[in-house]
Amino acid sequence: MIDYSLLLAIVLGIAVLLFLILRCKLQAFIALLISSIIVGIASGMHPMDLISAIQQGMASTLGFVAVVVGLGAMFGAMLEHSGGAEALAQFLLKLFGEKRASWAVMITGFVVAIPVFFDVAFIILVPVIYSLQRKSGKSLLLYAIPLLAGLAITHSFIPPTPGPVAVADILKADLGWVIVFGFAVGVPTAIVCGPLFGKYIGSRLDIKAPGFTETASKVRENQPSVGLILAIIGFPILLIVMNTLSTYVFVDSSGDRNELISWIKFVGHPFTALILANLLAWYFLGIQRKVELKKLMDISTFSMEKAGIIILLTGAGGVFKQVLIDTGAGVMMADAFAKADWGMLLLGYATAVIVRLLQGSATVAMITAAGILASVLYPDSGGSLDTLQVSAPELALLVIAIASGASIFSHVNDSGFWLVGKYLGLNEAQTLKSWSVMTTLLSISGFASVCLLSLFL
């Protein structure tokens, strides 16, 4: 039975969230908190229960996300400052050759964005595509679109980047499965909206590389080897995936888990895996290359600035989820959607699409959609899936579906739109025809791949 007054409270909360971000230009962290309070008050929650929901939602979410995002930010900063991204790009360009350079830069973006934030990775690698354009004389978009596709897909689909980590935590999805499906969905999606679309739009928009900027600096001397960079990036991912697979592999004849699984799970937990990865990066990219300890400390400290806002924003999303649960909205929506003909994947995708189009931030769209879906999946807040019976792989696919929806049609209300346009020397119309269309292809292709994979689960 649908409680229309409760449904109205949810709609009011989301409307206020969008109004505060779009019209009032309020920071998304406080906007999410205010919207959560409005939902609670409008639904009739006791004031002190509402305060408890805020505290519980923030605490339960940040217990995991804060550690992973913080460690991931430090890890990425070490790779960035060591020159590892440039070394990887140069290697792939040499391996593929200039004729297949668009594929090389796509793979570079795909790999580099696993540990490095999207905007940072783009700024690091943009001199590479400038150089390619000048050498070939072809449109800059032939190389820029594949690079952006690789960066955006990994940033949205594959942990330990903050978006999928936050959504996975809110939905209680296994990160190992999210990584597996992130790659499974990301690879074909990258091909469609990267080299293929890049070739198409490059033949229609002849864009030349802008003049040299401070970002187009000379290549760092004494770069780390490509093998070392790939090993350091792949190490934590391998451990996390091993953690997931160990649940299904290391079981004895009686059906009990082998003792070995406990240690594999410990080492493969995202906390441990990223701590070990940071230690490897600290030693091989810092100490072994004779970087001063003070500089290493400064690099790590500076990386926390960007991580801080993401952590707080994710915590506010957890508050929104908890309020929806405590008001009883989760039970109501679970009953409604359990009887509906359209499934959770479409609900998650559509919710993320709407929020993304209206307010611009992919992270806010992911977290808002995840909060609503979590209140449906866990209406009793106890973590059971009795209402809808969703398996671990299905939860991971739901994470990717939400990430796909949150990636759609980046336009003028998204900071990424202006970042891309500025560095590629595009006007607004050209940015819409290239970057915005590419993100839409990414979203649709990603969701189509998710739906296809769901048929086999």
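So the sequence shown is residues 2 to 458, counted in this note's numbering.
We treat Cβ as the ideally placed atom computed from N, Cα and C, and that holds for glycine.
From a predicted model like this one, the values you see are computed outputs, not experimental measurements.
### Whether A191 touches A145 by CB criterion (8 angstroms)
no
### Message
Using C-beta distances below 7 angstroms, list every residue in its chain close to T216, excluding the 5 sequence neighbours before and after it, in chain order.
### Response
With a pLDDT of only 40 at T216, under 50, the local geometry of the prediction cannot be trusted, and no value is derived from it.
### Query
So does the segment 68 to 85 actually touch the segment 40 to 47, counting three or more Cβ pairs closer than 8 angstroms?
no
### Reference L143, options G203, I39 and I311, closest by Cα
G203
#### Entry: Terminal residues of the alpha helix (DSSP H) in which F448 lies
V438 to S455
### Task
Pick helix, strand or coil for Y5, following the three-state DSSP scheme.
helix
### Message
Beta-carbon within less than 7 angstroms of F213's beta-carbon, same chain only, minus the 5 sequence neighbours each way: which residues are those?
### Response
In this prediction, F213 scores a pLDDT of 46, lower than 50, which makes its location untrustworthy; no coordinate-derived value is stated.
### Query
Which word fits S302, buried or exposed, when buried means at least 16 other C-beta atoms lie within 10 angstroms of its C-beta?
Inspection of the sequence shows that residue 302 is occupied by Thr rather than by Ser. Its Cβ having fewer than 16 others within 10 Å, T302 is exposed.
### Task
Decide if Y379 is buried, meaning its Cβ has at least 16 other Cβ atoms within 10 Å, or exposed.
buried
### Cβ shell of F92 (< 6 angstroms), same chain only, five flanking positions each side left out
V227
#### Entry: Counted within 10 angstroms of its Cβ, other Cβ atoms place S263 as buried (16 or more) or exposed
exposed
### Query
If you follow the alpha helix (DSSP H) that G84 is part of, which residue opens it and which one closes it?
Here G84 belongs to no alpha helix (DSSP H), and DSSP marks it neither H nor E.
### Given V186 as reference, the closest of Q431, A404, F65 and F410 once Cα atoms are compared
A404
### Query
In its own chain, which residues sit with a C-beta less than 8 angstroms from the C-beta of A88, not counting the 5 before and 5 after it?
Q224, P225, S226, V227 and I230
### Query
What residue does the alpha helix (DSSP H) around Q28 start on, and which one ends it?
Element bounds for Q28: n/a, residue is neither H nor E.
### Message
Contact between the segment 230 to 245 and the segment 102 to 118 is defined here as three or more beta-carbon pairs at a separation below 8 angstroms; is this criterion met?
### Response
yes
### Buried versus exposed call for E99 [16 or more other C-beta atoms within 10 Å across all chains shown]
exposed
### Message
Output needed for L51: all residues of its chain with C-beta closer than 6 angstroms, excluding positions within five of it in sequence on either side, in chain order.
### Response
G41
### C-alpha distance - W178 paired with S446, whole-angstrom precision
20 angstroms
#### Entry: Secondary structure, beta strand (DSSP E): runs of 3+ residues fully inside the segment 294 to 322
none
### Task
With a 10 Å radius around its C-beta and 16 neighbouring C-beta atoms as the bar for buried, classify R357 as buried or exposed.
buried
### Task
Look at the alpha carbon of T171 and the alpha carbon of A375, and state the distance between them as a whole number of angstroms.
A small fix is needed here, since residue 171 is Ile in this sequence, not Thr. When rounded, the distance between both Cα atoms is 6 angstroms.
### Task
Could you pull out every residue in the same chain whose Cβ sits closer than 7 angstroms to the Cβ of G256, ignoring the five residues on either side in sequence?
Any answer about G256 is weak, because its pLDDT of 49 lies below 50 and its placement is not dependable; what the coordinates show is given next. Result list for G256: empty, nothing under 7 angstroms.
### Task
Could you tell me which of P211, P196 and D120 sits nearest to L152, measuring between CA atoms?
D120
### Message
My assumption, with CB atoms under 8 angstroms, is that L34 sits in contact with V320. Please give the rounded CB distance.
### Response
6 angstroms
### Collapsed DSSP secondary structure at S263 in the structure displayed
helix
### Task
Could you give the DSSP three-state label for N428: helix, strand or coil?
coil
### Task
Would you tell me roughly how many angstroms separate the C-alpha atoms of A169 and I368, rounded to the nearest one?
10 angstroms
### Query
Exposed or buried, what is A430 when buried is set at 16 or more other beta-carbons lying within 10 Å of its beta-carbon?
exposed
### Task
Following the continuous alpha helix (DSSP H) through F111, name the residue where it begins and the one where it ends.
A102 to V113
### Message
How far does the alpha helix (DSSP H) with Y201 in it extend, from its first residue to its last?
### Response
F198 to G203
#### Entry: Where the alpha helix (DSSP H) through V292 begins and ends
Note, V292: premise wrong, no alpha helix (DSSP H); not H, not E.
### Query
In angstroms, rounded to a whole number, what distance separates the CA positions of I31 and L23?
13 angstroms
### Query
Do S455 and L398 have their CB atoms nearer than 8 angstroms?
yes
### Query
Taking the Cβ atom as the reference point for each residue, do A370 and A353 lie within a distance shorter than 8 angstroms?
yes
### Message
Between the alpha carbons of L239 and V69, how many angstroms are there, rounded?
### Response
16 angstroms
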